[in-house]
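**Q** Under the working numbering, the first residue of the sequence shown carries the number 31, and numbering increases by one thereafter. To start, I am sharing the structure in question, which I have written as structure tokens.
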Amino acid sequence: VRVFYRVSFPGPLHGLAIGTPVELRGIPIGRVSALRLEYDPASDEIRVPATLEIAPHRIAMEGEAAIPRDDQKAATEATNRLFERLIAKGMRARLAPDNLLIGSRVVDLEFIENAEPAQLGQAEPYPELPTAPSTGLDDIARSASTFLDQLASLPLAELIGGMRDMVKHADAVVGSPELKRSVKQLDRTLADAGQFARDIRTQATPLLAKLNSAADQLGSTLALLGNDPRSSTDLARTMSELKDAARSVRVLADMLERHPEALLRGRPDSAK
Numbered sequence: 031v032r033v034f035y036r037v038s039f040p041g042p043l044h045g046l047a048i049g050t051p052v053e054l055r056g057i058p059i060g061r062v063s064a065l066r067l068e069y070d071p072a073s074d075e076i077r078v079p080a081t082l083e084i085a086p087h088r089i090a091m092e093g094e095a096a097i098p099r100d101d102q103k104a105a106t107e108a109t110n111r112l113f114e115r116l117i118a119k120g121m122r123a124r125l126a127p128d129n130l131l132i133g134s135r136v137v138d139l140e141f142i143e144n145a146e147p148a149q150l151g152q153a154e155p156y157p158e159l160p161t162a163p164s165t166g167l168d169d170i171a172r173s174a175s176t177f178l179d180q181l182a183s184l185p186l187a188e189l190i191g192g193m194r195d196m197v198k199h200a201d202a203v204v205g206s207p208e209l210k211r212s213v214k215q216l217d218r219t220l221a222d223a224g225q226f227a228r229d230i231r232t233q234a235t236p237l238l239a240k241l242n243s244a245a246d247q248l249g250s251t252l253a254l255l256g257n258d259p260r261s262s263t264d265l266a267r268t269m270s271e272l273k274d275a276a277r278s279v280r281v282l283a284d285m286l287e288r289h290p291e292a293l294l295r296g297r298p299d300s301a302k
């Protein structure tokens, strides 16, 4: 026994086809058996009503409410009464995605919370079920379909081939003897630069002591020649130059100790 109903969904019907499953609470109870285009002159609109073929015996009921299996008229009347009660409790037909990747649909007889009052419509040739807007998953389904279209338009073979070539080239460069020799040479050069900087620091210490000592001696001499303006001026200039030289040596030694790579790349900005 099969019982038939009519349903008209709002919005586009992409993915709806003959054979689309009809489910109640996620359990298949029928399928879409027909689709047709209808023009309504009153509203000047084109509608696409679907015919649902329901197998009522898939809904287990006991006692007097049980739906007969061998009496079409009795089965139709019993199923109509059942659907009228369910509609009063918020059952509505709506389209829902069945498979996001291929865009197929399912007719979902779902209970909508706080649904607007509705009833089983008396239409010909079959009663009409009230509907509800499609679920928000439709947007996801459309996005998935758009993504797949964009993916299909990409030259994947060329992109994958290019990536493989790039990986091979990078592997060849990283594994090349030239790069390995360059890295080893750089390590040796940096080590030499560090040692050179330490040597400069070591040699700079006694040099600084001598420069400071010479400056002190000039200071003493300058005090003794206080009455000779020319000598005093010359000695003062010399003492100032010695102090500047000592300061420069100290700065150079400190900078090389902190940045030995400056011997290779020049003075770093932070040390300027």
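By construction, the Cβ of each residue, glycine as well, lies at the ideal position given by its N, Cα and C atoms.
State the DSSP-derived secondary structure class of arginine 88, mapped to helix, strand or coil.
**A** For the purposes of this step, residue 88 is taken as residue 58 along the sequence shown, with counting starting at 1. Three-state DSSP puts arginine 88 in a helix.
**Q** Under the three-state reduction of DSSP, which class applies to arginine 99: helix, strand or coil?
**A** Taking the sequence shown and counting its residues from 1, the one referred to as residue 99 is at position 69. It is coil, neither helix nor strand.
**Q** From arginine 218 to aspartate 284, what does the alpha carbon distance come to, in whole angstroms?
**A** Walking along the sequence shown from the start, residue 218 turns up at place 188. Walking along the sequence shown from the start, residue 284 turns up at place 254. Those two C-alpha atoms are separated by around 22 Å.
**Q** Determine contact between the stretch 133 to 149 and the stretch 51 to 71, defined as no fewer than three beta-carbon pairs at a distance below 8 Å.
**A** yes
**Q** What span of residues does the beta strand (DSSP E) with leucine 43 cover, start to end?
**A** Taking the sequence shown and counting its residues from 1, one reaches residue 43 at position 13. Segment: none, leucine 43 is in no beta strand (DSSP E) and carries neither H nor E.
**Q** In whole angstroms, give me the CA-to-CA distance for valine 62 and valine 37.
**A** Locating residue 62 in the sequence shown gives position 32, where the first residue counts as 1. Locating residue 37 in the sequence shown gives position 7, where the first residue counts as 1. Using only the alpha carbons, I get a separation of about 10 Å.
**Q** With DSSP run on the structure shown, which of helix, strand or coil describes alanine 104?
**A** Translated into positions along the sequence shown, residue 104 becomes position 74. Three-state result, alanine 104: helix.
**Q** Measuring only the C-alpha atoms, how far is glycine 120 from asparagine 144?
**A** Start at 1 with the first residue of the sequence shown, and residue 120 comes out as number 90. Start at 1 with the first residue of the sequence shown, and residue 144 comes out as number 114. Whole-angstrom Cα-Cα distance: 7 Å.
**Q** Can you give me the start and stop residues for the beta strand (DSSP E) that proline 52 sits inside?
**A** Here residue 52 refers to the residue found at position 22 when the sequence shown is read from its first residue. A small fix is needed here, since residue 52 is valine in this sequence, not proline. 51 to 54 is the extent of the beta strand (DSSP E) around valine 52.
**Q** Could you give the DSSP three-state label for glutamate 75: helix, strand or coil?
**A** Along the sequence shown, one-based indexing puts residue 75 at 45. DSSP places glutamate 75 in strand when its eight states are reduced to three.
**Q** Spatial neighbours of glutamate 83 within its chain, please: CB distance less than 7 Å, with the 5 preceding and 5 following residues excluded, ordered by chain position.
**A** Taking the sequence shown and counting its residues from 1, one reaches residue 83 at position 53. Once the five neighbours on either side are set aside, the close Cβ partners of glutamate 83 are Arg32, Phe34, Gly60, Arg61 and Ser63.
**Q** What is the DSSP secondary structure of proline 127, counted as helix, strand or coil?
**A** Position 97 of the sequence shown holds residue 127. Looking at proline 127 - three-state DSSP - the assignment turns out to be strand.
**Q** Using DSSP with H/G/I as helix, E/B as strand and the rest coil, what is valine 281?
**A** Within the sequence shown, residue 281 is the residue found at index 251, counting from 1. Correct three-state label for valine 281: helix.
**Q** Buried or exposed: which applies to isoleucine 48, given that a residue is buried once 16 or more other Cβ atoms fall within 10 Å of its Cβ?
**A** For this step, residue 48 is matched to residue 18 along the sequence shown. Exposed, by the Cβ-count rule.
**Q** Does serine 261 come out as helix, strand or coil in the three-state DSSP assignment?
**A** Taking the first residue of the sequence shown as 1, we reach residue 261 at position 231. Confidence at serine 261 is low in this model, with a pLDDT of 47, below 50, so the placement of that residue should be treated as unreliable; the coordinate-derived value is given next. The answer is helix: DSSP assigns serine 261 an H, G or I state.
**Q** Determine the contact status of isoleucine 117 and glutamine 149, defining contact as a CB-CB distance below 8 Å.
**A** In the sequence shown, counting from the first residue as 1, residue 117 sits at position 87. In the sequence shown, counting from the first residue as 1, residue 149 sits at position 119. Contact flag set, yes.
**Q** Identify the residues that DSSP records as bridge partners of phenylalanine 141: which are they?
**A** Indexing the sequence shown from 1 puts residue 141 at position 111. Met121.
**Q** Which value, in whole angstroms, describes the spacing of the CA atoms of arginine 211 and arginine 194?
**A** Here residue 211 is taken as the residue at index 181 of the sequence shown, counted from 1. Here residue 194 is taken as the residue at index 164 of the sequence shown, counted from 1. Rounded to the nearest angstrom, the two C-alpha atoms are 26 Å apart.
**Q** Report, in whole angstroms, the separation of the C-beta atoms of threonine 161 and arginine 122, which I expect to be a contact under 8 Å.
**A** As a first step, residue 161 is located in the sequence shown; it is residue number 131 there, counting from the start. As a first step, residue 122 is located in the sequence shown; it is residue number 92 there, counting from the start. Confirmed, Cβ separation roughly 6 Å.
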